[in-house]
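J.: I have a structure I would like to understand better, so I am pasting it below and will then ask my questions one at a time.
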Amino acid sequence: MTTIIPERRPEWLRVRAPKGENYQQLKQLMRGQSLHTVCEEARCPNIGECWGHKTATFMILGRVCTRSCGFCAVETGRPLGLDWEEPKRVAEAAKEMGLRHAVVTSVNRDELKDGGAAVFASTIRWIRRLNPDCKVEVLTPDFKGSADALRVVMDAKPDIFNHNVETIPRLYKRVRPQAVYLRSLQVLKMAKEMYPGTRTKSGFMLGLGETWDEIIEVMCDMREYDIDILTIGQYLRPSFQHLPIQRYVPLEEFAELKAEGKKMGFRHVESGPFVRSSYHAHEQADGATKE
């Protein structure tokens, strides 16, 4: 029988409500440019800290996703048409924010032949055009495993290519019903093969019912597929309509997993309850370069 823990969070998982001058300015900037952020759409617990430091993860291709992952707060449904002016607006916002490291992600757009790859590529190129010194990290969907779609993105030469495996294989049907574990790993492998100098990155959540041995097995798989940067965080239930939390992972376990990851050979490991794909993304990139 599945055990569901109480929703009351331990002290180390409590965050202050977002506020402050930088937070308000960034919120106004995003609304003024008609842009979306995964910080808001996914109800990220780090939004106050990140926006307070004028960092954000842009979410392109609209705010409606064609998939229905059990952990994600982004709206599921039928998306609207593409906005080809969006890449330029993202670049303008990145310039106004003075970013040195921009992170761009998206909803899944499975109804599109290229999964939205052309918009990703355009966004990368616009950021480079308006912000020559800004590094660009992309967190993409799996493009249903299409090498042609992936190459469109990789030909724009992102500095870091990120695609999350999200959880262990056994939980995929419940957590990522329209995804395939090995396909996600293969996408990361193809990205590195297309441009060997590109850092690859992936991550997963804890607290959904995985075991220690299953976690270690996923980490071993990721190293086998030559992934450079690993992120590990605590799953936090966005609403009562989403998957329940099976456990709150203690800080000591996150520390142990970071140590294991370093021993396995990851260039950088970010492991902690509040860690998300783009949390401390700039520091992750620097760490992967130096180590």
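The opening position of the sequence shown corresponds to residue 443 in our numbering, with each subsequent residue numbered one higher.
The beta-carbon is built from N, C-alpha and C at its ideal position, and this holds for glycine as well.
How far does the beta strand (DSSP E) with serine 644 in it reach, from first residue to last?
T.: Start and end: 641-648.
J.: Considering glycine 703, what are the terminal residues of the alpha helix (DSSP H) in which it resides?
T.: Glycine 703 -> alpha helix (DSSP H) spans 693-706.
J.: When you compare each of Arg551, Asp597, Asp601 to alanine 544 by their alpha carbons, which one comes out closest?
T.: Per the Cα distances, Asp601.
J.: Shortest alpha-carbon distance to serine 510 belongs to which of Gly504, Thr518, Leu503?
T.: Checking every option, the nearest Cα to that of serine 510 belongs to Thr518.
J.: Could you have a look at glycine 675 and say whether DSSP puts it in helix, strand or coil?
T.: Correct three-state label for glycine 675: strand.
J.: Based on the DSSP secondary-structure assignment, which residues constitute the bridge partners of cysteine 576?
T.: None; cysteine 576 has no bridge partner.
J.: Check whether the Cβ atoms of valine 629 and phenylalanine 513 lie closer than 9 angstroms to each other.
T.: No, the Cβ-Cβ distance between valine 629 and phenylalanine 513 is not below 9 angstroms.
J.: Counting only runs that start and end within the region 510-584, where is the beta strand (DSSP E) found for 3 or more residues in a row?
T.: Segments of the beta strand (DSSP E) lying fully in the region 510-584: 543-548, 577-581.
J.: Where does the unbroken beta strand (DSSP E) through glutamate 608 begin, and where does it stop?
T.: Glutamate 608 -> no beta strand (DSSP E), and no H or E assigned at all.
J.: For serine 644, decide whether its Cβ has a neighbour in chain C, counting only Cβ atoms nearer than 9 angstroms.
T.: Structure shown: chain C not included; a single protein chain is present.
J.: Using 10 angstroms around the beta-carbon of glycine 714, count the other beta-carbons present and answer buried if the total reaches 16, otherwise exposed.
T.: Buried, because 16 or more other Cβ atoms sit within 10 Å of the Cβ of glycine 714.
J.: So, at 7 angstroms on beta carbons, what are the nonlocal neighbours of aspartate 584 in its own chain, with the 5 sequence-adjacent residues on each side left out?
T.: Answer for aspartate 584: His605, Ala621, Arg625, Ser626, Val629, listed in chain order.
J.: Could you work out which residue in Arg570, Arg520, Leu592 is closest to arginine 531 when comparing CA atoms only?
T.: Measuring from the Cα of arginine 531, the nearest candidate turns out to be Arg570.
J.: So what's valine 711 in DSSP terms, helix, strand or just coil?
T.: Correct three-state label for valine 711: strand.
J.: Are there 16 or more other CB atoms within 10 angstroms of the CB of arginine 542, so buried, or fewer, so exposed?
T.: That one is exposed.
J.: Compute the beta-carbon to beta-carbon distance between threonine 642 and phenylalanine 603, rounded to the nearest angstrom, for a pair I have assumed lies under 8 angstroms.
T.: Yes, threonine 642 and phenylalanine 603 are in contact; Cβ-Cβ is about 5 angstroms, under 8 angstroms.
J.: For leucine 581, which residues in the same chain have their Cβ closer than 6 angstroms to its Cβ, ignoring the five residues on either side in sequence?
T.: Correct list, in chain order: Thr547, Asn604, Ser719.
J.: Are the Cβ atoms of glycine 651 and leucine 613 separated by less than 9 angstroms?
T.: Closer than 9 angstroms, so yes.
J.: May I have the straight-line CA-CA distance separating alanine 633 from threonine 508, to the nearest angstrom?
T.: The straight-line gap from Cα to Cα measures roughly 23 angstroms.
J.: Assuming phenylalanine 708 and arginine 665 are in contact, meaning their beta carbons sit under 8 angstroms apart, how far apart are those beta carbons, in whole angstroms?
T.: Contact holds; Cβ gap of about 7 angstroms.
J.: One question on the structure: do leucine 572 and lysine 599 come within less than 9 angstroms of each other, judged by their Cβ atoms?
T.: Cβ distance not < 9 angstroms, so leucine 572 and lysine 599 don't count as in contact.
J.: Go to isoleucine 657, then tell me how far its alpha helix (DSSP H) extends in each direction, as first and last residue.
T.: Unbroken alpha helix (DSSP H) run through isoleucine 657: 654-666.
J.: Could you give the residue range of the beta strand (DSSP E) that holds phenylalanine 716?
T.: No beta strand (DSSP E) contains phenylalanine 716, which DSSP labels as neither H nor E.
J.: Could you give the distance in angstroms between the alpha-carbon of glutamine 688 and the alpha-carbon of threonine 653?
T.: Taking the straight line from one Cα to the other gives about 11 angstroms.
J.: Please state if the CB of glutamate 534 and the CB of threonine 565 are separated by a distance shorter than 9 angstroms.
T.: For threonine 565 and glutamate 534, no; Cβs fall outside 9 angstroms.
J.: Can you name the residues that DSSP bridges to isoleucine 502?
T.: DSSP output for isoleucine 502 lists Ser548 as bridge partner(s).
J.: Please classify tryptophan 568: is it buried, with 16 or more other beta-carbons within 10 angstroms of its beta-carbon, or exposed?
T.: By the 10 Å Cβ count, tryptophan 568 comes out buried.
J.: Relative to the C-alpha of glycine 639, which residue among Glu656, His684, Gly540, Met596 is closest?
T.: Ranking Glu656, His684, Gly540, Met596 by Cα distance to glycine 639 puts Met596 first.
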